[in-house]
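I have placed the structure first, in the form of C-alpha cells, so that the comments after it can refer back to it.
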Amino acid sequence: MMRDTKAVDSESGFLPVSDMEDGIVDGGENVQYLFPGVQVVEVKELHVTNPQNRDDASSSFSSLGSDGSADFNAKLEECQERAAWGGKLEFMLTMIGYAVGLGNVWRFPYLCYKNGGGAFLLPYCIMLAVVGLPLFYMELALGQYASLGPITIWRLNPLMKGLGYAMVIVSWLIGLYYNVVIAHVLYYLYSSFTSVLPWTTCDNDWNTVHCLIPTDSEFKKNESIFNATLETTTTSSPKLNFTRTPSEEYYRFNVLAQNDSIDEFGTIQWHLALSLFIAWLLVFLVLMKGIKSLGKVVYFTAIFPYIMLTVLFIRGVTLPGAGTGIAYYLKPDFERLLDPRVWSDAATQIFYSLSACSGGLIAMASYNKFDNNCYRDSLIVCLINCGTSIFAGLVIFSVLGFMALEKGVGIADVADDGPGLAFVVYPEALSRMPVSPMWAVFFFIMMATLGFGSEFSIIECVLSAIGDEFPILRKERKYNIAFRATFCSVAFLLGLPMICNGGIFLLNLVDYSVGGFPLLVVGLVELITINWVYGYSKFAENIHMMLGRQPGKYWFICWKYGSALVIAITIIMNIAMYKEPDLDDVLYPEWAKSLGWLIAMFPIVVIPAWFLYKYCRIGGFELMKMGVKPLPSWGPISKSKQRQYADVESSVDKRLSNPAFARLMGSNATTVTECSPASSTINLIRSKNLSESDV
Numbered sequence: 239m240m241r242d243t244k245a246v247d248s249e250s251g252f253l254p255v256s257d258m259e260d261g262i263v264d265g266g267e268n269v270q271y272l273f274p275g276v277q278v279v280e281v282k283e284l285h286v287t288n289p290q291n292r293d294d295a296s297s298s299f300s301s302l303g304s305d306g307s308a309d310f311n312a313k314l315e316e317c318q319e320r321a322a323w324g325g326k327l328e329f330m331l332t333m334i335g336y337a338v339g340l341g342n343v344w345r346f347p348y349l350c351y352k353n354g355g356g357a358f359l360l361p362y363c364i365m366l367a368v369v370g371l372p373l374f375y376m377e378l379a380l381g382q383y384a385s386l387g388p389i390t391i392w393r394l395n396p397l398m399k400g401l402g403y404a405m406v407i408v409s410w411l412i413g414l415y416y417n418v419v420i421a422h423v424l425y426y427l428y429s430s431f432t433s434v435l436p437w438t439t440c441d442n443d444w445n446t447v448h449c450l451i452p453t454d455s456e457f458k459k460n461e462s463i464f465n466a467t468l469e470t471t472t473t474s475s476p477k478l479n480f481t482r483t484p485s486e487e488y489y490r491f492n493v494l495a496q497n498d499s500i501d502e503f504g505t506i507q508w509h510l511a512l513s514l515f516i517a518w519l520l521v522f523l524v525l526m527k528g529i530k531s532l533g534k535v536v537y538f539t540a541i542f543p544y545i546m547l548t549v550l551f552i553r554g555v556t557l558p559g560a561g562t563g564i565a566y567y568l569k570p571d572f573e574r575l576l577d578p579r580v581w582s583d584a585a586t587q588i589f590y591s592l593s594a595c596s597g598g599l600i601a602m603a604s605y606n607k608f609d610n611n612c613y614r615d616s617l618i619v620c621l622i623n624c625g626t627s628i629f630a631g632l633v634i635f636s637v638l639g640f641m642a643l644e645k646g647v648g649i650a651d652v653a654d655d656g657p658g659l660a661f662v663v664y665p666e667a668l669s670r671m672p673v674s675p676m677w678a679v680f681f682f683i684m685m686a687t688l689g690f691g692s693e694f695s696i697i698e699c700v701l702s703a704i705g706d707e708f709p710i711l712r713k714e715r716k717y718n719i720a721f722r723a724t725f726c727s728v729a730f731l732l733g734l735p736m737i738c739n740g741g742i743f744l745l746n747l748v749d750y751s752v753g754g755f756p757l758l759v760v761g762l763v764e765l766i767t768i769n770w771v772y773g774y775s776k777f778a779e780n781i782h783m784m785l786g787r788q789p790g791k792y793w794f795i796c797w798k799y800g801s802a803l804v805i806a807i808t809i810i811m812n813i814a815m816y817k818e819p820d821l822d823d824v825l826y827p828e829w830a831k832s833l834g835w836l837i838a839m840f841p842i843v844v845i846p847a848w849f850l851y852k853y854c855r856i857g858g859f860e861l862m863k864m865g866v867k868p869l870p871s872w873g874p875i876s877k878s879k880q881r882q883y884a885d886v887e888s889s890v891d892k893r894l895s896n897p898a899f900a901r902l903m904g905s906n907a908t909t910v911t912e913c914s915p916a917s918s919t920i921n922l923i924r925s926k927n928l929s930e931s932d933v
C-alpha cells in the first residue's frame, strides 16, 4: 500500500486525521499534550489495557453500531446528566444561606469596632468591589458554564486540577469544625428551654470560687474586695487574681469542660457528642437527595434568621444603653485607616464572609440553567451578605451597650468576637432581659439556622465534587445514599477530638489555619489560571454565550490585574504581620503550631503536587530527561577526539536506551500510545517519520 509522505505534518510529525484510515483516536485528556494537532473524529475501537476493566468497557460500548459516534455522544450525555434547581428562588436562597453564616454575627461586628468603627466600612467596601465581587461573579460564571463541580471543572486546565482538590479540602476542613460549633449552639438551644437560664447563677456544680454575678454596681465593689483578698493571700499563684461571670464558667466548665491547654486533651464530652451526632444526622437527612432536598430546606434556613435578627434588633434598640453601643460600633476613627492591618483584615473578612475560593460557589452554580443571569445573582447575593453583616452588628452592639450600662463598664470591656461573643457575652446579655429564656431560644434558633444554612452548602460542595469524579455515586440512588451516609459518619468521628476537654484549642487552631493563607492562595492561583493561562478573552466569550453580552472593562481590570494584585499584597502583609495563634491569651506549644502549619499547607501543597504528577504522567518527566542531556555540539574541541567521543556516547546510549520513550517521541517504529483505562485507552497507529519499508 502506497502512502504519500508529503501528507505528514511538518510540525507535529503526524499524518492528518483524514488520512488515518486505521487510526483510532479519542478525546482523552493526554492527547492534546502528546500529539498536538490531532483532532477527534470518531471512536471505532476501544482497547483496554487493564483486564479487570475489559468487560465493563465492552458492555458500555456494545451498542455502538454503524453510527458509533452518535451512540457514543448519547451515552456521554446520559453519563453527564446532572440535577438542577427546582426554581430560581431555590438557588438564590441557597446562595444567601451559604454566604451568610455565623461569621456575619460574631466576626464582622467585632472587626468593625476594633478597626475604626464606621471607618472600617470604607476598606471593607473597597475590598468587596475589588476582590469579593469579582471572585464571586467569576466562580458563579465558571460553574454555570461547565455544569461541573469544583474538581471536575478543571478540565479547563488538567494540570491545575489540584486547585479543585485544594478547594474541596478547604471546604471539608471548614465543614468538620463548623458542625462542632453548631453542636455547641444546639446544646445551648435545648438548655434554654427552662424557667431559669443555667448560666445566671454561681451555685451550680461546675462553678468555681472565681464566679461572681455581675448584677449591679455592687459587682465592682465585690470584685475589688475579692481581688484584694486574693492578692494578699495567694501571691504565689497569680492565676487566682481574676473573676469570671456565670456565663463564662457555664461555657468553659460545663459545655466544654475545658482544660488549660491543648496538651491536656482529656476525654470526649458525651453531651456534646450527642449534639454533634444530631448535627450530622440533620446534615445527612437534608442532603440525602442532594440539591433536591436542599432546595426545599433553604426556604427555612435562609429566611428564618432574618426574622430572628429583626426581632432581636427591635428588642435591642428598646433597651437602655442601646444608643451608646450602636454609636460605639459605627463611630468612625479614620486614623485607623493608616494601619495596614485594617486593610488586611478587610480583605480576609471578604473571603471569610462570601465563602469564595472554597468550591461551594462553583458547585451551587453548576446546577443552574446555562443562560441563568449569574451576573445579577452575584450582585444581589454580595450586597445582601454585606448588608446582613452590618445589620447583625447593630443587633449585637445594641445589646452590648445595654450590658455595659448594667455592669457599669465600657463597651470595650464587654465586646468580644468568635465563640466568646456567641456563647459568653450575648447569653449573659440575654439573661438580663425580661422573659430571658424566650429570647435565648430565639437567639440560638437563629444561630442554628445560620450555621446549618452554610453547613449544608459546604458539605454538598464536597459531596458533589466527589460525585462528579465518580459518577456511579450519583447514577445509582442506593450508592448515592450509602456514600453520603458514610461520609457524614466519618465526619462525625473526625469531629470527636474537637469536643474533648482540650478540643476547643484544636477547633480554634483549625479555624485559624484554614481561614487565612489557603483561601488567599487558592484565590490568587485561580485568578491567574483562568484569566492568564486559559485566557480572559476565552472566559469572556464563555460568559457571552450564557448572558448574551461580554463582561465590561471593570471586570477585565479586576480579573486580570486588580484582584490578583490585592490578594498578593494581602498575602505578603499577612506573612509580615503574622501573629501566632492563641486562645484566651494562652499560646500553643510548638508541636501544635507545627500542626497548624501542616493544616494550612495541606490544601496549598496539593496544587503543585498535582501539577508535577500530571506533568510527569503525560511525558514531562521524559522530556525533562531529554532536556538535561548534552547537546550534539558537546564534546572535545579537537576534531581527532570528536570521533572517539561519538563512539563512546553511542555505546552508552544503546545500553541506556528507553524503547517506551522512543515510541513516545515518535521514532521510526510504529507509535502506540496508551492512556489510562479510566479515560479510555487509545491506539494511535502512525509513524512520525515514514521509513522506506512503509512506502
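The opening residue of the sequence shown carries number 239 in the working numbering; numbering runs sequentially from there. In this text, a Cβ means the ideal position worked out from N, Cα and C, and glycines have one as well. Treat the numbers as computed from the prediction; the structure is a model and nothing was measured.
| Asked | Found |
| --- | --- |
| Can the beta-carbon of residue 590 be found less than 7 Å from the beta-carbon of residue 529? | no |
| Quick one, which of 884, 424, 728 has its alpha-carbon nearest residue 517's? | 424 |
| Under 7 Å between the Cβ atoms of residue 400 and residue 845? | yes |
| If you compare alpha carbons, which of 596, 488, 339 is closest to residue 407? | 596 |
| Using the Cβ count rule (16 or more neighbours within 10 Å means buried), how would you classify residue 935? | Past the boundaries of the shown model lies residue 935; the chain is included only from 239 to 933, so the question cannot be answered. |
| Can you pull the DSSP bridge partners for residue 482? | 449 |
| By Cβ distance below 8 Å, which residues in the same chain neighbour residue 460 in space, the five residues on each side in sequence not counted? | Bear in mind that a pLDDT of 46 at residue 460, under 50, signals an unreliable position, so the model cannot answer this. |
| Quick one: residues in its chain with C-beta nearer than 7 Å to the C-beta of residue 526, no 5 flanking neighbours on either side, listed in chain order? | 719, 722 |
| If you follow the alpha helix (DSSP H) that residue 791 is in, where does it begin and where does it stop? | 791-795 |
| For residue 882, count neighbouring Cβ atoms within 10 angstroms of its own Cβ and tell me buried if that reaches 16, exposed if not. | exposed |
| Considering only the alpha carbon of each residue, which of 616, 411, 446, 626 lies closest to residue 484? | 446 |
| In the DSSP assignment, find the alpha helix (DSSP H) that holds residue 518 and state where it starts and stops. | 508-525 |
| Residues in its own chain within less than 7 Å of residue 392 by CB, not counting five upstream and five downstream? | 398, 399, 401, 402 |
| Where do the N-terminal and C-terminal ends of the alpha helix (DSSP H) with residue 382 fall, by residue? | 371-384 |
| Looking at residue 748: is its Cβ nearer than 7 Å to the Cβ of residue 588? | no |
| Between the alpha carbons of residue 477 and residue 821, how many angstroms are there, rounded? | Note that residue 477 has pLDDT 41, beneath the 50 cutoff, so the model's placement of it is unreliable and the number below is only indicative. Each residue's alpha carbon lies about 16 Å from the other. |
| For residue 430 versus residue 678, is the C-beta spacing smaller than 7 Å? | yes |
| For residue 633 versus residue 642, is the C-beta spacing smaller than 7 Å? | no |
| Whole angstroms is fine: what's the gap from residue 764's alpha carbon to residue 535's? | 31 Å |
| Inspect the CB distances between the region 833-844 and the region 776-791 and report whether three or more fall short of 8 Å. | no |
| Indicate whether at least one CB of chain C lies closer than 7 Å to the CB of residue 697. | The question asks about chain C, but that chain is absent: this structure has only one protein chain. |
| Quick check on the burial criterion: 16 or more other C-beta atoms within 10 angstroms. Buried or exposed for residue 770? | exposed |
| Flag this pair as yes or no: are the beta carbons of residue 353 and residue 580 separated by less than 7 Å? | yes |
| Around the Cβ of residue 706, are there at least 16 other Cβ atoms within 10 angstroms (buried) or fewer (exposed)? | buried |
| Below 8 Å, how does it come out for the region 611-626 and the region 370-380: are there three or more Cβ pairs, yes or no? | yes |
| In terms of DSSP beta bridges, what is residue 210 paired with? | Residue 210 cannot be examined here, being either before or after the span of the chain that is shown, 239 to 933. |
| Where do the N-terminal and C-terminal ends of the alpha helix (DSSP H) with residue 724 fall, by residue? | 715-733 |
| Using a threshold of 7 Å, state whether the C-beta atoms of residue 696 and residue 334 are closer than that. | no |
| Rounded C-beta distance between residue 669 and residue 437? I'm assuming under 8 Å. | 7 Å |
| Apart from the five residues just before and just after residue 317, which ones in its own chain have a Cβ nearer than 7 Å to its Cβ? | Its pLDDT being 44, under 50, residue 317 is placed unreliably in this model, and the value from its coordinates should be taken loosely. Excluding residues within five positions, the ones whose Cβ falls inside 7 Å are 709. |
| Look at the Cβ atom of residue 564, then the Cβ atom of residue 513, and state whether they are nearer than 7 Å. | no |
| I'd like to check one pair, residue 379 with residue 612: are the Cβ atoms closer than 7 Å? | yes |
| If I follow the unbroken alpha helix (DSSP H) through residue 440, where does it start and stop? | Residue 440 -> no alpha helix (DSSP H), and no H or E assigned at all. |
| Hey, out of 626, 628, 567, whose CA is closest to residue 648's CA? | 567 |
| Reducing DSSP to helix, strand and coil, say where residue 673 ends up. | coil |
| Quick check: residue 630 and residue 342, are their CB atoms within less than 7 Å of each other? | yes |
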